[in-house]
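Asks: Quick one: the structure is below, questions incoming.
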Amino acid sequence: MNVSSDTPPDLHGIGFVLRRPRDGDAESRLRLGRHPEIYRMFGAGRSLPGLFSHGEATSWVARIAGHPAAWIIDQGGLIGEVRLDSINHQDRRASFAIGIFDPQLLGKGLGTAVTKRVLAYAFDELALHRVSLRVLAFNERAIAAYRKSGFSIEGRERESALIDGEWHDDIMMGILAAEFDARRDAPGNE
Ligand SMILES: CC(C)(COP(=O)(O)OP(=O)(O)OC[C@H]1O[C@@H](n2cnc3c(N)ncnc32)[C@H](O)[C@@H]1OP(=O)(O)O)[C@@H](O)C(=O)NCCC(=O)NCCS
Numbered sequence: 361m362n363v364s365s366d367t368p369p370d371l372h373g374i375g376f377v378l379r380r381p382r383d384g385d386a387e388s389r390l391r392l393g394r395h396p397e398i399y400r401m402f403g404a405g406r407s408l409p410g411l412f413s414h415g416e417a418t419s420w421v422a423r424i425a426g427h428p429a430a431w432i433i434d435q436g437g438l439i440g441e442v443r444l445d446s447i448n449h450q451d452r453r454a455s456f457a458i459g460i461f462d463p464q465l466l467g468k469g470l471g472t473a474v475t476k477r478v479l480a481y482a483f484d485e486l487a488l489h490r491v492s493l494r495v496l497a498f499n500e501r502a503i504a505a506y507r508k509s510g511f512s513i514e515g516r517e518r519e520s521a522l523i524d525g526e527w528h529d530d531i532m533m534g535i536l537a538a539e540f541d542a543r544r545d546a547p548g549n550e
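When we follow this note's numbering, the leftmost residue of the sequence shown carries the number 361, and every step to the right adds one.
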């Protein structure tokens with residue numbers, strides 16, 4: 361099926377749902393705040409305030425609500441966001457972005473499961489041909505999660521991020537529809 365609607369459906373996975381915003385999300389996002397360990401992975405420096413303002417939380421929810429392929433990651437409540445950005449229907453490609461905002465929930469397999477669920481939507485429902493992403497080279501946890509989801513490293517952009525006065529490289533990763541298909545039936549890819 362090729363979906364052209366601007367409102368993506370909820371996507372269900374084991375123990376989580378990827379859903380559209382609803383009442384109370386801005387308050388939940390406000391409570392999660394901006395953990396420095398997590399925001400460093402997005403390229404933020406030490407000077408970024410840890411507290412989210414109410415206005416920022418409201419804008420964050422509005423951005424997801426107005427996005428054609430963005431979801432709130434809900435695991436017993438709002439814990440993060442995931443998006444397919446820059447969807448290009450001519451070349452059938454998009455870029456992937458994800459963030460879990462609660463540090464207690466990192467490294468427990470959720471990011472990989474969510475990534476696989478969104479890739480299934482990208483390839484099966486949007487009929488995309490490839491999905492790509494960029495990730496800071498020091499973000500080894502994310503790179504491991506992306507590899508487990510089927511992404512391959514396609515390149516390295518040297519010194520493309522300046523964080524607290526130091527240059528860092530970005531890793532470019534991608535996955536093709538055929539590669540995702542080939543992994544569906546592989547052992548361990550339930
Ligand atoms: C990136 C992110 C979505 C991955 O989700 P996750 O649930 O934490 O990742 P998973 O548990 O599915 O997989 C992480 C893998 O990295 C491994 N890992 C954990 N910490 C690691 C570290 N410091 N270095 C290397 N590998 C690490 C884990 O062991 C796991 O591999 P395994 O299952 O083979 O043991 C999540 O960590 C996150 O939101 N991080 C903060 C924001 C961020 O980095 N966003 C991406 C920006 S490009």
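All residues carry an ideal CB built from backbone N, CA and C; glycine is no exception.
Less than 8 Å between the CB of residue 424 and some heavy atom of ligand 1, yes or no?
Replies: no
Asks: Among residues of its own chain, excluding the 5 on either side of residue 413, which ones have a beta-carbon nearer than 6 Å to its beta-carbon?
Replies: So the list is empty, once near-sequence residues are dropped.
Asks: Measuring only from the beta carbon, is residue 504 closer than 8 Å to any heavy atom that is part of ligand 1?
Replies: yes
Asks: For residue 433 and residue 382, I'd like the C-alpha separation in whole angstroms.
Replies: For residue 433 and residue 382, the distance between alpha carbons rounds to 12 Å.
Asks: Taking DSSP as the reference, what is the three-state secondary structure of residue 456?
Replies: Three-state DSSP puts residue 456 in a strand.
Asks: Across the segment 372–379 and the segment 400–407, are there enough close Cβ pairs to call them in contact, namely three or more that are closer than 8 Å?
Replies: no
Asks: Which of the three DSSP states is assigned to residue 512 in this structure?
Replies: strand
Asks: Could you name each continuous alpha helix (DSSP H) segment of 4 residues or more that falls completely within the segment 378–407, going from the start of the chain to the end?
Replies: 385–392 and 396–401
Asks: Comparing C-alpha positions only, which one of 490, 435 and 406 sits nearest to residue 450?
Replies: 490
Asks: Is the number of C-beta pairs between the segment 422–432 and the segment 505–524 that are closer than 8 Å three or more?
Replies: no
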